[in-house]
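Those sequence lines, one after another, are chains A and B.
Under full-length UniProt numbering, the first residue of the first sequence is numbered 1, with each subsequent residue one higher.
Under full-length UniProt numbering, the first residue of the second sequence is numbered 1, with each subsequent residue one higher.
The beta-carbon is built from N, C-alpha and C at its ideal position, and this holds for glycine as well.
Remember, predicted model here, so these are calculated numbers, not experimental data.
To keep things clear, I will list the structure first and then write my remarks on it.
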Amino acid sequence: MLPLDVLGPGGPYRSRRQETIHDLPGNPVANLSLAPSLYVTRALKAMRRASALPFDARIAALARAGRAFATETIAGLTPREYQHTVSAVTGIPISVVRDATADIALAAERIHRTVENARPAGAVDSWRDPRAKDGTAVWTPRGAVFAVHAAGNHPAVHQGWFDALALGYRVAVRPSRREPFTPHRLITALREAGFGDEGIALLPTDHNVADDILRHADLGMVYGGADVVAKYAGDPRILPQGPGRSKVLITAETDWEPIVDTLVESISGGGGVGCVNATGVLVEGDPSPVAAALAERLAALPSLPATDERAVLPVMPIDPARRWDTHLRQRAAGTKAWLGGDGIVGDLGDGSAALRPAVHQLDSPFAEQLGMELGFPCAWVAPWDRDAGIRPLRDTLVLTAVTTDADLIDELVAEPTISNVYIGDHPTPWMRHGLPHDGYLAEFLMRTKTIRR
Amino acid sequence: MVERTGGEFVREMMRWHFSPETGSPFWLKRAGSLGFDPLTDVRDFDDLGLFPNVVDELRDVGVRELIPRGYGDEHRASVYESGGTTGQPKRVMYSAEWHRGSVEWFSERLDAHGVPRDVDWLSAVPTGPHNVGAMAVDTAMLRGGLNFSIDLDPRWVKKVIAEGRMDMAEAYTDHLIEQVGYILASQDVGVLFATPPMLERLAQRDDLVELVDRKVRAIVWGGTHLDADTRDLLRDEVFKNATFVGGYGGTMMLGTSVERPGLGADEPCVFDSFAPYTTFRVIDPDTGQVVPYGERGQIVVHHMSRSALLVNNIERDFATRIAPVDGGFGDAVADVTPVASFGDTAVVEGVY
Numbered sequence: 001m002l003p004l005d006v007l008g009p010g011g012p013y014r015s016r017r018q019e020t021i022h023d024l025p026g027n028p029v030a031n032l033s034l035a036p037s038l039y040v041t042r043a044l045k046a047m048r049r050a051s052a053l054p055f056d057a058r059i060a061a062l063a064r065a066g067r068a069f070a071t072e073t074i075a076g077l078t079p080r081e082y083q084h085t086v087s088a089v090t091g092i093p094i095s096v097v098r099d100a101t102a103d104i105a106l107a108a109e110r111i112h113r114t115v116e117n118a119r120p121a122g123a124v125d126s127w128r129d130p131r132a133k134d135g136t137a138v139w140t141p142r143g144a145v146f147a148v149h150a151a152g153n154h155p156a157v158h159q160g161w162f163d164a165l166a167l168g169y170r171v172a173v174r175p176s177r178r179e180p181f182t183p184h185r186l187i188t189a190l191r192e193a194g195f196g197d198e199g200i201a202l203l204p205t206d207h208n209v210a211d212d213i214l215r216h217a218d219l220g221m222v223y224g225g226a227d228v229v230a231k232y233a234g235d236p237r238i239l240p241q242g243p244g245r246s247k248v249l250i251t252a253e254t255d256w257e258p259i260v261d262t263l264v265e266s267i268s269g270g271g272g273v274g275c276v277n278a279t280g281v282l283v284e285g286d287p288s289p290v291a292a293a294l295a296e297r298l299a300a301l302p303s304l305p306a307t308d309e310r311a312v313l314p315v316m317p318i319d320p321a322r323r324w325d326t327h328l329r330q331r332a333a334g335t336k337a338w339l340g341g342d343g344i345v346g347d348l349g350d351g352s353a354a355l356r357p358a359v360h361q362l363d364s365p366f367a368e369q370l371g372m373e374l375g376f377p378c379a380w381v382a383p384w385d386r387d388a389g390i391r392p393l394r395d396t397l398v399l400t401a402v403t404t405d406a407d408l409i410d411e412l413v414a415e416p417t418i419s420n421v422y423i424g425d426h427p428t429p430w431m432r433h434g435l436p437h438d439g440y441l442a443e444f445l446m447r448t449k450t451i452r453r
Numbered sequence: 001m002v003e004r005t006g007g008e009f010v011r012e013m014m015r016w017h018f019s020p021e022t023g024s025p026f027w028l029k030r031a032g033s034l035g036f037d038p039l040t041d042v043r044d045f046d047d048l049g050l051f052p053n054v055v056d057e058l059r060d061v062g063v064r065e066l067i068p069r070g071y072g073d074e075h076r077a078s079v080y081e082s083g084g085t086t087g088q089p090k091r092v093m094y095s096a097e098w099h100r101g102s103v104e105w106f107s108e109r110l111d112a113h114g115v116p117r118d119v120d121w122l123s124a125v126p127t128g129p130h131n132v133g134a135m136a137v138d139t140a141m142l143r144g145g146l147n148f149s150i151d152l153d154p155r156w157v158k159k160v161i162a163e164g165r166m167d168m169a170e171a172y173t174d175h176l177i178e179q180v181g182y183i184l185a186s187q188d189v190g191v192l193f194a195t196p197p198m199l200e201r202l203a204q205r206d207d208l209v210e211l212v213d214r215k216v217r218a219i220v221w222g223g224t225h226l227d228a229d230t231r232d233l234l235r236d237e238v239f240k241n242a243t244f245v246g247g248y249g250g251t252m253m254l255g256t257s258v259e260r261p262g263l264g265a266d267e268p269c270v271f272d273s274f275a276p277y278t279t280f281r282v283i284d285p286d287t288g289q290v291v292p293y294g295e296r297g298q299i300v301v302h303h304m305s306r307s308a309l310l311v312n313n314i315e316r317d318f319a320t321r322i323a324p325v326d327g328g329f330g331d332a333v334a335d336v337t338p339v340a341s342f343g344d345t346a347v348v349e350g351v352y
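Following this line, the structure appears as structure tokens:
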């Protein structure tokens with residue numbers, strides 16, 4: 001069995017209290033050490049005392065770690081073994097894990113551009129900059145230690161804290177207990193690449209200790225559902241990363257048929273497990289043909305074990321899969337099921353099941369199901385009209401607006417609760433390194449100061 | 001307090017608590033609704049399972065009802081209460097005889113660990129209605145030391161934590177640590193008696209850790225659980241100069257059990273009870289059967305002395321069952337942890 005140690009400032013730490021992680025059929029795969037509260041407190045204290053690497057060294061180390069993560073044996077696992085383990089444990093299709101590996105490496109290599117892009121145009125990096133002679137704004141961190149309660153839905157979520165590392169923070173990651181493999185591998189690589197044991201830590205904990213990590217850090221980021229967002233909404237030190245509720249809007253004057261591929265990709269790309277996957281599809285006019293086309297296309301996706309090269313759907317143990325099925329039916333009551341109405345459980349016969357896509361048609365853009373985001377391809381198709389306005393489009397991570405209406409686009413771009421707007425034939429999961437995903441993290445981590453020397 | 005065979009001791013206790021001349025009004029009245037005759041049906045430890053768990057009745061009963069008549073007016077009883085985690089506190093009475101015996105036994109166990117005598121104590125444990133504070137005072141005195149006491153109200157802390165007011169809990173703990181700091185800085189403290197949360201908070205203050213390292217030769221912990229990993233860290237990384245001695249007890253146990261001396265650093269913390277007066281059983285909560293040695297189960301506590309009869313009390317704690325020392329009564333327990341709470345299996349929407 002694979003030992004996954006705590007990676008603290010004193011090096012790897014193996015606790016007596018461990019949690020066994022199983023693959024989908026229930027075979028034990030790894031033992032995850034859980035850090036007690038006292039360990040966490042002491043670890044964050046030691047990290048606070050440590051000094052950050054110089055900027056150039058950080059950038060170089062991130063790139064080096066990214067390459068090692070994607071290509072080298074780390075903590076005893078080859079990249080292939082790592083990818084297979086993640087897929088076998090989480091049910092994320094192997095091809096999605098493989099793409100994520102490459103994506104993480106690229107994100108690490110390009111982190112310089114991301115943080116440069118985020119810096120206010122008038123600010124410089126250092127008081128040593130010649131411009132500080134006459135007085136200038138200098139970009140400085142708001143703290144020293146950054147904590148992350150990471151998500152386990154997709155390996156690539158771990159790109160989300162690279163910015164903090166690049167900007168000089170010591171970073172403590174509490175992994176998801178569902179998928180600690182990616183952060184363990186990544187953090188091992190980052191330590192070896194130059195961040196050392198005090199620059200970055202992996203602090204797996206049980207639920208009771210989790211908050212201690214946030215409490216003893218200067219700033220933190222937490223992934224979770226609406227409950228998590230509500231819990232931390234009043235805390236200026238914490239940046240909650242809530243549900244994506246990504247959406248597609250198609251207005252009447254545009255032709256949807258040529259972009260069905262884009263719609264399918266928006267809903268089901270990457271296994272449909274991401275916050276950037278479309279939850280709602282709003283159609284001006286009759287949404288039925290769009291729903292029918294989506295249902296036909298998504299119905300063709302095969303149910304396969306996650307480690308199969310051709311797998312495109314997420315897999316989970318059969319019992320929770322059935323609970324999701326029941327939950328979905330309850331929530332979908334009163335809607336028209338185009339796909340998944342007779343069940344979403346694709347029984348694989350080995351105690352696990354692929355979660356099959358679902359497409360439901362709503363009769364109002366204000367139906368509450370539109371905000372229901374699930375960890376598999378599941379879309380809610382609703383009618384939309386100009387009277388409804390942008391209200392149904394709020395609280396959206398990525399909005400693909402297939403429209404030519406510049407006034408409408410103005411409104412969408414100006415709307416504070418829509419994080420990203422893609423106009424036209426672009427799938428919602430599209431991302432590019434250097435561009436913000438939910439704003440630049442640096443907007444939260446940094447502030448400007450006037451320096452004159 | 002003399003050694004006896006188990007059966008003889010149990011029968012003697014039944015005679016004391018259920019004879020009209022010696023028993024307490026509570027038990028004499030309660031005997032009628034037991035459905036068995038303690039004087040004839042309870043012959044040995046294994047028969048204690050016949051008793052119902054009566055601790056919940058101790059929330060309302062008048063404490064004078066609990067005083068065995070056999071003491072006459074010489075009981076010199078003290079009243080103590082449980083922590084009140086599960087509602088209104090439960091009340092018991094400790095006779096002077098019992099308290100003295102309990103303190104003497106505790107002190108002998110500390111000797112076995114090499115805890116120094118003739119040094120002063122700093123006790124950051126609950127006082128007031130809780131017995132542990134009185135144990136601290138009297139044990140320190142018996143061993144030739146003064147006791148510096150910090151007042152600590154666990155009920156208040158539990159209440160504010162339950163309400164999610166962590167800032168207030170933090171402020172209260174800071175307040176306690178500040179007082180600990182004054183004593184550590186100004187007094188010659190040789191033994192520190194504290195709850196694990198207090199030790200954890202102390203560990204965050206480098207200046208206080210330094211004082212403990214310089215002055216304190218033994219740390220006695222108890223009152224709440226200390227998980228094995230945290231115990232290792234406190235002992236091996238934080239307070240490296242002090243001998244650690246743990247206790248697992250409670251007001252409803254009428255005292256404490258004490259960590260077994262002489263075990264290696266990698267062995268679990270084993271607690272031996274003050275047998276035959278206090279004995280443990282480790283049972284399977286589903287079947288009620290005693291689990292094999294080395295297996296985990298739920299702890300059942302029997303307290304049987306002239307002071308009180310509180311048997312078959314199922315604690316919320318789980319532990320590994322360990323053989324008692326020298327063929328003594330009941331079980332020893334290791335790796336005591338509170339019963340795990342199981343999250344519901346309801347689905348949570350969202351992708352994270």
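| request: Using the DSSP secondary-structure output, state which residues sit across from A:C378 in a beta bridge. | output: Bridge partners of A:C378: A:A358.
| said: Please confirm whether B:E200 has its beta-carbon closer than 8 Å to some beta-carbon of chain A. | reply: yes
| query | So, do the stretch 250-263 of chain A and the stretch 336-354 of chain A have three or more beta carbon pairs nearer to each other than 8 Å? | reply | no
| query | Does A:V273 have its Cβ less than 8 Å from a Cβ in chain B? | reply | yes
| request: Would you grab the beta carbon distance between B:V351 and A:C275 for me? Rounded to a whole angstrom, and I think it's under 8 Å. | output: 5 Å
| query | What do you get for B:V2, buried or exposed, if any count of 16 or more other CB atoms within 10 angstroms of its CB means buried? | reply | Per-residue confidence for B:V2 stands at a pLDDT of 46, beneath the threshold of 50, marking its modelled position as unreliable; no derived number is given.
| query | Is the Cβ of A:R17 closer than 8 Å to any Cβ of chain B? | reply | yes
| query | Tell me which same chain residues have a C-beta within less than 6 Å of the C-beta of A:A52, skipping the five on either side of it? | reply | G168
| message | Helix, strand or coil for A:T101? Go by DSSP, reduced to three states. | response | helix
| message | Any beta carbon of chain A sitting closer than 8 Å to that of B:T85? | response | no
| said: Can you tell me whether B:Y94 is buried or exposed? The criterion is at least 16 other CB atoms within 10 Å of its CB, across all chains shown. | reply: buried
| For B:P68, which three-state DSSP category applies? | When secondary structure is reduced to three states using DSSP, B:P68 falls in the coil class, being assigned neither helix nor strand.
| request: For B:A228, return the contacting residues in chain A, with the cut-off set at a CB-CB distance below 8 Å. | output: Neighbours of B:A228 in chain A, taken as residues at a C-beta separation under 8 Å, are given in chain order as R16, R17.
| field | Assigned secondary structure, B:T337 (DSSP; H/G/I helix, E/B strand, else coil) | value | B:T337: strand per DSSP, three-state reduction.
| Which residues, taken in chain order from the stretch 360-373 of chain A, show a beta carbon closer than 7 Å to some beta carbon of chain B? | M372, E373
| field | For A:G434 and A:R113, the rounded distance between their alpha carbons | value | 6 Å
| message | Please classify B:V325 as buried or exposed, where buried requires at least 16 neighbouring CB atoms within 10 angstroms. | response | exposed
| If the cut is a Cβ gap below 8 Å, which residues of chain B does A:G244 touch? | Residues of chain B passing the Cβ test: V351.
| task | Take every Cβ of the stretch 320-331 of chain A, pair it with every Cβ of the stretch 240-258 of chain A, and state whether three or more of those distances are shorter than 8 Å. | result | no
| message | Using 8 Å as the cut-off, can you tell me whether the stretch 38-57 of chain A makes contact with the stretch 66-74 of chain A, which would need three or more C-beta pairs spanning the two stretches below that distance? | response | no
| Hey, which unbroken runs of the alpha helix (DSSP H) at 4 residues or more fall wholly within the stretch 141-204 of chain B? | Given a length threshold of 4 residues, each whole run of the alpha helix (DSSP H) inside the stretch 141-204 of chain B is given here in chain order: 154-162, 166-186, 196-203.
| When the cut-off is 8 Å and only beta carbons count, does A:S352 lie next to chain D? | Looking for chain D here will not work: the only protein chains present are A and B.
| query | Just to confirm, are A:G160 and A:L441 a CB contact at a threshold of 8 Å? | reply | yes
| query | Mind checking if A:Y39 is an interface residue toward chain B, Cβ cutoff 8 Å exclusive? | reply | Chain B places a beta carbon closer than 8 Å to that of A:Y39, counting this residue as a contact.
| field | Spatial neighbours of A:T85 in its chain, beta-carbon cut-off 6 Å, leaving aside the 5 residues before and after | value | F181
| query | Can you name the start and end residues of the alpha helix (DSSP H) that A:P183 belongs to? | reply | 181-190
| Three-state secondary structure assigned by DSSP to residue 355 of chain B | This structure cannot settle anything about residue 355 of chain B, because the visible part of chain B is limited to 1 through 352.
| query | Looking at chain A, which residues of the stretch 202-220 of chain B have a Cβ within less than 7 Å of any of its Cβ atoms? | reply | A203, Q204
| query | Are the C-beta of A:G269 and some C-beta of chain B separated by less than 8 Å? | reply | No, because no Cβ of chain B sits closer than 8 Å to the Cβ of A:G269.
| query | Between A:L34 and A:D235, is the Cβ-Cβ spacing less than 8 Å? | reply | no
| query | Does the beta-carbon of B:K215 have 16 or more other beta-carbons within 10 angstroms, so that it is buried, or is it exposed? | reply | Buried.
| query | CA-CA distance, A:V359 and A:L294? | reply | One C-alpha to the other measures close to 7 Å.
| request: Let me know the alpha helix (DSSP H) ranges lying completely inside the stretch 21-107 of chain A, each 4 residues or longer, listed in chain order. | output: Within the stretch 21-107 of chain A, the complete alpha helix (DSSP H) runs of at least 4 residues are 37-49, 55-71, 79-90.
| message | Against chain A, with Cβ distances strictly below 8 Å, would B:L176 count as a contact? | response | no
| Opening and closing residue of the alpha helix (DSSP H) in which A:L214 lies | First-last of the alpha helix (DSSP H) with A:L214: 207-216.
| Shorter than 8 Å from the beta carbon of B:L233 to some beta carbon of chain A? | yes
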